[in-house]
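Residue numbers (my numbering): 12 to 301. Structure, as C-alpha coordinates:
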Amino acid sequence: MLSNNIDRTPEGVLTFAGYDVTQLAKEYGTPLYLMDEARIRANCRMYLQAFRDHFGPGSLPLYASKAASFKQMYRIMAEEGMGVDVVSSGELYTALSAGFPAERIYFHGNCKTDADLAYGVSQGIGFFVADNREELLALEKTAAEANVTQKILLRVTPGIDPHTYEAVSTGKVDSKFGAAVETGQAMELVKLALTLPHLDLRGLHCHVGSQVFGEDVYQRTLDIMVPFLASSSFCTPRTSPQEAVRPHRPSTPFSGSTLPQYSSTVGTPGSPIRISWISVPAISFSACTK
12 MLSNNIDRTP
22 EGVLTFAGYD
32 VTQLAKEYGT
42 PLYLMDEARI
52 RANCRMYLQA
62 FRDHFGPGSL
72 PLYASKAASF
82 KQMYRIMAEE
92 GMGVDVVSSG
102 ELYTALSAGF
112 PAERIYFHGN
122 CKTDADLAYG
132 VSQGIGFFVA
142 DNREELLALE
152 KTAAEANVTQ
162 KILLRVTPGI
172 DPHTYEAVST
182 GKVDSKFGAA
192 VETGQAMELV
202 KLALTLPHLD
212 LRGLHCHVGS
222 QVFGEDVYQR
232 TLDIMVPFLA
242 SSSFCTPRTS
252 PQEAVRPHRP
262 STPFSGSTLP
272 QYSSTVGTPG
282 SPIRISWISV
292 PAISFSACTK
(Lines of atoms letter the chains of each structure in order from A; the text may use other names.)
(Lines give C-alpha, C1' and ligand atoms only; values in the text may rest on other atoms or scores of the structure.)
Protein backbone atom coordinates (compact mmCIF):
# COMPACT_ATOMS: atom_id res chain seq x y z
CA MET A 12 0.00 0.00 0.00
CA LEU A 13 1.11 3.55 -0.73
CA SER A 14 -0.25 4.74 2.59
CA ASN A 15 -0.75 3.13 5.97
CA ASN A 16 -4.17 4.77 6.41
CA ILE A 17 -5.61 2.67 3.57
CA ASP A 18 -6.46 -0.91 4.47
CA ARG A 19 -9.12 -3.58 4.17
CA THR A 20 -11.06 -5.61 6.67
CA PRO A 21 -10.82 -9.41 6.93
CA GLU A 22 -13.98 -9.46 4.80
CA GLY A 23 -12.17 -7.54 2.07
CA VAL A 24 -13.88 -4.16 2.59
CA LEU A 25 -11.71 -1.13 1.79
CA THR A 26 -11.12 1.26 4.70
CA PHE A 27 -9.68 4.75 4.82
CA ALA A 28 -8.36 6.06 8.17
CA GLY A 29 -10.24 3.22 9.81
CA TYR A 30 -13.59 3.97 8.14
CA ASP A 31 -15.50 1.61 5.87
CA VAL A 32 -15.60 3.47 2.55
CA THR A 33 -18.76 1.68 1.40
CA GLN A 34 -20.61 3.01 4.41
CA LEU A 35 -19.22 6.52 3.81
CA ALA A 36 -20.41 6.33 0.19
CA LYS A 37 -23.88 5.29 1.32
CA GLU A 38 -24.06 8.10 3.87
CA TYR A 39 -22.61 10.96 1.82
CA GLY A 40 -22.88 9.86 -1.80
CA THR A 41 -20.16 9.87 -4.45
CA PRO A 42 -17.87 11.29 -5.63
CA LEU A 43 -16.67 11.99 -2.10
CA TYR A 44 -13.47 13.62 -0.87
CA LEU A 45 -12.07 11.87 2.20
CA MET A 46 -9.45 13.61 4.35
CA ASP A 47 -7.49 12.02 7.20
CA GLU A 48 -7.09 14.82 9.75
CA ALA A 49 -4.69 12.86 11.93
CA ARG A 50 -2.44 12.19 8.94
CA ILE A 51 -2.58 15.83 7.83
CA ARG A 52 -1.57 17.02 11.29
CA ALA A 53 1.21 14.43 11.47
CA ASN A 54 2.58 15.66 8.13
CA CYS A 55 2.52 19.27 9.34
CA ARG A 56 4.41 18.34 12.50
CA MET A 57 6.96 16.37 10.50
CA TYR A 58 7.75 19.41 8.35
CA LEU A 59 7.79 21.79 11.30
CA GLN A 60 10.20 19.57 13.21
CA ALA A 61 12.46 19.17 10.17
CA PHE A 62 12.54 22.95 9.75
CA ARG A 63 13.43 23.47 13.41
CA ASP A 64 16.21 20.91 13.14
CA HIS A 65 17.75 22.02 9.86
CA PHE A 66 16.64 25.53 8.83
CA GLY A 67 16.76 27.39 12.11
CA PRO A 68 14.68 30.22 13.60
CA GLY A 69 12.39 32.12 11.26
CA SER A 70 11.82 29.24 8.84
CA LEU A 71 8.23 28.40 7.99
CA PRO A 72 6.66 25.62 5.92
CA LEU A 73 3.72 26.76 3.80
CA TYR A 74 0.61 24.80 2.91
CA ALA A 75 -0.34 25.18 -0.77
CA SER A 76 -4.00 26.17 -0.76
CA LYS A 77 -4.63 24.78 -4.23
CA ALA A 78 -4.32 21.28 -2.76
CA ALA A 79 -7.58 21.75 -0.83
CA SER A 80 -8.96 25.18 -0.02
CA PHE A 81 -11.68 24.98 2.58
CA LYS A 82 -12.14 26.42 6.06
CA GLN A 83 -11.37 23.39 8.19
CA MET A 84 -8.07 22.88 6.38
CA TYR A 85 -7.04 26.44 7.22
CA ARG A 86 -8.08 25.94 10.86
CA ILE A 87 -5.85 22.87 11.01
CA MET A 88 -2.93 24.77 9.46
CA ALA A 89 -3.38 27.63 11.93
CA GLU A 90 -3.48 25.26 14.91
CA GLU A 91 -0.37 23.44 13.71
CA GLY A 92 1.64 26.64 13.23
CA MET A 93 1.92 26.42 9.44
CA GLY A 94 1.93 29.25 6.92
CA VAL A 95 -0.19 29.09 3.78
CA ASP A 96 0.08 30.36 0.25
CA VAL A 97 -2.89 31.47 -1.80
CA VAL A 98 -3.26 32.22 -5.51
CA SER A 99 -6.61 34.01 -5.62
CA SER A 100 -8.82 36.37 -3.66
CA GLY A 101 -11.18 33.44 -3.16
CA GLU A 102 -8.56 31.36 -1.41
CA LEU A 103 -7.51 34.40 0.64
CA TYR A 104 -11.11 35.07 1.63
CA THR A 105 -11.60 31.44 2.67
CA ALA A 106 -8.43 31.44 4.78
CA LEU A 107 -9.35 34.69 6.51
CA SER A 108 -12.94 33.51 7.05
CA ALA A 109 -11.53 30.51 8.90
CA GLY A 110 -9.55 32.79 11.19
CA PHE A 111 -6.15 32.06 9.67
CA PRO A 112 -3.57 34.71 10.70
CA ALA A 113 -3.13 37.15 7.81
CA GLU A 114 0.55 37.69 8.60
CA ARG A 115 1.29 34.03 7.76
CA ILE A 116 -0.32 34.23 4.29
CA TYR A 117 1.73 34.46 1.08
CA PHE A 118 -0.10 35.58 -2.08
CA HIS A 119 1.31 33.92 -5.22
CA GLY A 120 0.24 34.09 -8.87
CA ASN A 121 1.62 35.58 -12.08
CA CYS A 122 -1.54 37.46 -13.05
CA LYS A 123 -2.94 39.15 -9.95
CA THR A 124 -5.60 41.76 -10.66
CA ASP A 125 -5.69 45.22 -9.11
CA ALA A 126 -8.59 43.94 -7.01
CA ASP A 127 -6.45 41.03 -5.76
CA LEU A 128 -3.66 43.40 -4.75
CA ALA A 129 -6.03 45.82 -3.04
CA TYR A 130 -7.76 43.03 -1.12
CA GLY A 131 -4.49 41.50 0.07
CA VAL A 132 -3.07 44.85 1.16
CA SER A 133 -6.28 45.82 2.96
CA GLN A 134 -6.25 42.56 4.90
CA GLY A 135 -2.65 42.95 6.03
CA ILE A 136 -1.31 39.73 4.56
CA GLY A 137 2.29 38.80 5.27
CA PHE A 138 3.78 38.70 1.78
CA PHE A 139 3.01 39.14 -1.87
CA VAL A 140 5.19 37.02 -4.16
CA ALA A 141 5.65 39.37 -7.11
CA ASP A 142 6.24 37.92 -10.57
CA ASN A 143 7.02 40.85 -12.82
CA ARG A 144 7.60 44.57 -13.27
CA GLU A 145 3.94 45.37 -13.89
CA GLU A 146 2.91 43.73 -10.64
CA LEU A 147 5.60 45.58 -8.67
CA LEU A 148 4.44 48.94 -9.98
CA ALA A 149 0.76 48.13 -9.40
CA LEU A 150 1.47 46.89 -5.88
CA GLU A 151 3.54 50.00 -5.09
CA LYS A 152 0.59 52.16 -6.17
CA THR A 153 -1.86 50.12 -4.09
CA ALA A 154 0.35 50.17 -0.98
CA ALA A 155 0.93 53.92 -1.35
CA GLU A 156 -2.81 54.58 -1.54
CA ALA A 157 -3.29 52.52 1.62
CA ASN A 158 -0.34 54.29 3.29
CA VAL A 159 1.36 51.01 4.19
CA THR A 160 4.66 49.31 3.44
CA GLN A 161 3.99 45.85 2.01
CA LYS A 162 6.48 43.01 2.43
CA ILE A 163 7.25 41.12 -0.77
CA LEU A 164 9.26 38.28 -2.25
CA LEU A 165 10.33 38.26 -5.89
CA ARG A 166 9.76 35.17 -7.99
CA VAL A 167 12.77 34.33 -10.10
CA THR A 168 13.46 31.44 -12.47
CA PRO A 169 16.84 29.73 -12.06
CA GLY A 170 16.96 28.22 -15.54
CA ILE A 171 16.64 24.61 -14.39
CA ASP A 172 15.13 21.84 -16.48
CA PRO A 173 13.69 19.38 -13.93
CA HIS A 174 12.95 16.76 -16.61
CA THR A 175 9.29 16.56 -15.72
CA TYR A 176 6.02 16.94 -17.61
CA GLU A 177 6.25 20.13 -19.70
CA ALA A 178 3.03 21.65 -18.36
CA VAL A 179 4.34 21.62 -14.77
CA SER A 180 7.94 22.58 -15.51
CA THR A 181 8.21 26.09 -14.06
CA GLY A 182 11.90 26.79 -13.51
CA LYS A 183 13.26 27.09 -17.06
CA VAL A 184 14.51 30.37 -18.51
CA ASP A 185 11.45 30.84 -20.73
CA SER A 186 8.93 30.05 -17.98
CA LYS A 187 5.86 32.27 -17.81
CA PHE A 188 6.50 32.57 -14.07
CA GLY A 189 8.97 35.03 -12.57
CA ALA A 190 12.09 36.71 -13.96
CA ALA A 191 15.09 34.76 -15.27
CA VAL A 192 18.41 34.89 -13.46
CA GLU A 193 20.35 33.99 -16.62
CA THR A 194 19.07 36.89 -18.72
CA GLY A 195 19.61 39.54 -16.05
CA GLN A 196 15.88 40.20 -15.70
CA ALA A 197 15.83 38.93 -12.12
CA MET A 198 18.50 41.42 -11.04
CA GLU A 199 16.65 44.23 -12.82
CA LEU A 200 13.54 43.30 -10.84
CA VAL A 201 15.51 43.33 -7.58
CA LYS A 202 16.88 46.80 -8.36
CA LEU A 203 13.43 48.12 -9.24
CA ALA A 204 11.88 46.72 -6.06
CA LEU A 205 14.53 48.44 -3.95
CA THR A 206 13.56 51.83 -5.39
CA LEU A 207 9.88 51.53 -4.48
CA PRO A 208 9.23 53.20 -1.10
CA HIS A 209 6.08 51.30 -0.16
CA LEU A 210 7.48 47.83 -0.86
CA ASP A 211 9.79 45.99 1.51
CA LEU A 212 11.79 43.37 -0.38
CA ARG A 213 12.47 40.49 1.99
CA GLY A 214 13.60 37.68 -0.25
CA LEU A 215 13.37 35.57 -3.38
CA HIS A 216 11.10 32.74 -4.42
CA CYS A 217 11.58 30.06 -7.04
CA HIS A 218 9.77 26.91 -8.10
CA VAL A 219 11.27 24.47 -10.57
CA GLY A 220 8.30 22.20 -11.26
CA SER A 221 5.97 19.49 -10.03
CA GLN A 222 6.34 15.71 -10.13
CA VAL A 223 10.12 16.10 -9.73
CA PHE A 224 11.88 12.90 -8.69
CA GLY A 225 15.58 13.75 -9.05
CA GLU A 226 17.22 15.21 -5.94
CA ASP A 227 19.93 16.75 -8.13
CA VAL A 228 17.33 19.21 -9.44
CA TYR A 229 17.17 20.93 -6.06
CA GLN A 230 20.94 20.94 -5.63
CA ARG A 231 21.37 22.53 -9.06
CA THR A 232 18.72 25.07 -8.14
CA LEU A 233 20.57 26.01 -4.96
CA ASP A 234 23.84 26.26 -6.90
CA ILE A 235 22.21 29.06 -8.90
CA MET A 236 19.99 30.67 -6.29
CA VAL A 237 22.46 31.01 -3.42
CA PRO A 238 25.11 32.95 -5.42
CA PHE A 239 22.38 35.14 -6.91
CA LEU A 240 21.03 35.72 -3.43
CA ALA A 241 24.48 36.69 -2.18
CA SER A 242 25.01 39.10 -5.09
CA SER A 243 21.69 40.87 -4.53
CA SER A 244 22.19 44.18 -2.77
CA PHE A 245 19.41 43.61 -0.25
CA CYS A 246 21.10 40.48 1.13
CA THR A 247 24.48 39.56 2.61
CA PRO A 248 26.58 36.50 1.66
CA ARG A 249 25.90 35.11 5.14
CA THR A 250 22.17 34.88 4.54
CA SER A 251 20.96 31.31 4.20
CA PRO A 252 17.86 30.17 2.26
CA GLN A 253 15.62 29.53 5.22
CA GLU A 254 12.71 31.90 5.48
CA ALA A 255 9.82 30.06 3.93
CA VAL A 256 9.61 26.76 2.13
CA ARG A 257 6.54 25.40 0.42
CA PRO A 258 6.79 21.66 -0.07
CA HIS A 259 4.25 21.49 -2.88
CA ARG A 260 1.01 20.12 -1.38
CA PRO A 261 3.00 18.58 1.49
CA SER A 262 0.23 17.86 3.93
CA THR A 263 -2.37 16.27 1.72
CA PRO A 264 -0.70 13.54 -0.40
CA PHE A 265 -2.00 10.25 0.98
CA SER A 266 -3.83 12.23 3.69
CA GLY A 267 -6.89 12.41 1.48
CA SER A 268 -8.58 10.36 -1.16
CA THR A 269 -11.29 10.71 -3.75
CA LEU A 270 -13.98 8.08 -3.41
CA PRO A 271 -15.61 7.56 -6.83
CA GLN A 272 -18.46 5.31 -7.83
CA TYR A 273 -17.76 2.49 -10.28
CA SER A 274 -19.48 2.78 -13.64
CA SER A 275 -17.46 0.73 -16.12
CA THR A 276 -14.09 -0.80 -16.93
CA VAL A 277 -12.24 0.02 -20.14
CA GLY A 278 -9.64 -2.33 -21.59
CA THR A 279 -8.78 -5.16 -23.90
CA PRO A 280 -10.10 -8.68 -23.17
CA GLY A 281 -8.16 -10.24 -20.32
CA SER A 282 -6.34 -7.02 -19.52
CA PRO A 283 -8.69 -4.36 -18.12
CA ILE A 284 -7.28 -0.89 -17.54
CA ARG A 285 -8.12 0.88 -14.30
CA ILE A 286 -6.95 4.43 -13.74
CA SER A 287 -6.35 5.88 -10.28
CA TRP A 288 -5.26 9.41 -9.41
CA ILE A 289 -2.65 10.18 -6.77
CA SER A 290 -0.75 13.41 -6.13
CA VAL A 291 3.03 13.40 -5.98
CA PRO A 292 4.76 16.18 -4.03
CA ALA A 293 7.29 18.54 -5.49
CA ILE A 294 9.06 21.37 -3.69
CA SER A 295 9.66 25.05 -3.95
CA PHE A 296 11.42 27.49 -1.70
CA SER A 297 11.54 31.13 -0.84
CA ALA A 298 14.72 32.49 0.62
CA CYS A 299 16.48 35.34 2.40
CA THR A 300 15.44 37.75 5.08
CA LYS A 301 16.88 41.16 5.76
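Positions of the beta carbon are idealized from the N, C-alpha and C atoms, including for glycine.
Reduced DSSP secondary structure (H/G/I, E/B, other) of residue i
| i | result |
| --- | --- |
| Gln134 | coil |
| Thr26 | strand |
| Ser251 | Any reading at Ser251 must be qualified, since the residue scores a pLDDT of 40, below 50, and its modelled position is unreliable; no value is offered. |
| Ile370 | The question about residue 370 has no answer, for the chain in this structure spans 12 to 301. |
| Lys123 | coil |
| Val192 | coil |
| Asp211 | strand |
| Thr168 | strand |
Residue burial classification, residue i (beta-carbon count within 10 angstroms, cutoff 16)
| i | result |
| --- | --- |
| Met57 | exposed |
| His216 | buried |
| Asp313 | The shown model of the chain, from 12 to 301, leaves out residue 313, and the question about it has no answer. |
| Leu205 | exposed |
| Lys37 | exposed |
| Asp227 | exposed |
| Gly40 | exposed |
| His65 | exposed |
| Met113 | Here residue 113 turns out to be Ala, not Met, going by the sequence shown. It is exposed - the Cβ of Ala113 has fewer than 16 other Cβ atoms within 10 Å. |
| Gln34 | exposed |
| Gly92 | exposed |
6 Å Cβ shell around residue i - same chain, five flanking residues per side excluded
| i | result |
| --- | --- |
| His119 | Asp96, Val98 and Val140 |
| Ala109 | Lys82, Tyr85 and Arg86 |
| Phe111 | Tyr85 and Ala89 |
| Pro169 | Gly182, Val192, Cys217, Thr232, Ile235 and Met236 |
Residue i Cβ short of 7 Å to the ligand PLP heavy atom set
| i | result |
| --- | --- |
| Pro72 | In terms of ligand content, the structure shown is empty, and the ligand PLP therefore cannot be addressed. |
Length of the line joining the Cα atoms of residue i and residue j
| i | j | result |
| --- | --- | --- |
| Glu102 | Ser80 | 6 Å |
| Ala28 | Asn15 | 8 Å |
| Lys123 | Val24 | 46 Å |
| Tyr104 | Ser76 | 12 Å |
| Leu210 | Gly195 | 21 Å |
| Tyr74 | Glu199 | 30 Å |
| Ala126 | Thr20 | 51 Å |
| Val167 | Pro72 | 19 Å |
| Pro42 | Gln134 | 35 Å |
| Asn54 | Gly67 | 19 Å |
CB contact below 8 Å: residue i versus chain D
| i | result |
| --- | --- |
| Ala53 | Looking at the structure shown, chain D is missing, and only one protein chain is on hand. |
Same chain, Cβ closer than 7 Å to residue i, five either side skipped, listed in chain order
| i | result |
| --- | --- |
| Pro238 | none |
| Tyr130 | Ser100 and Leu103 |
- Task: Identify every run of the beta strand (DSSP E) within the segment 45-119, keeping only runs that are complete inside it and at least 3 residues long; order them along the chain.
- Result: Runs found: 71-75, 94-97 and 116-118.
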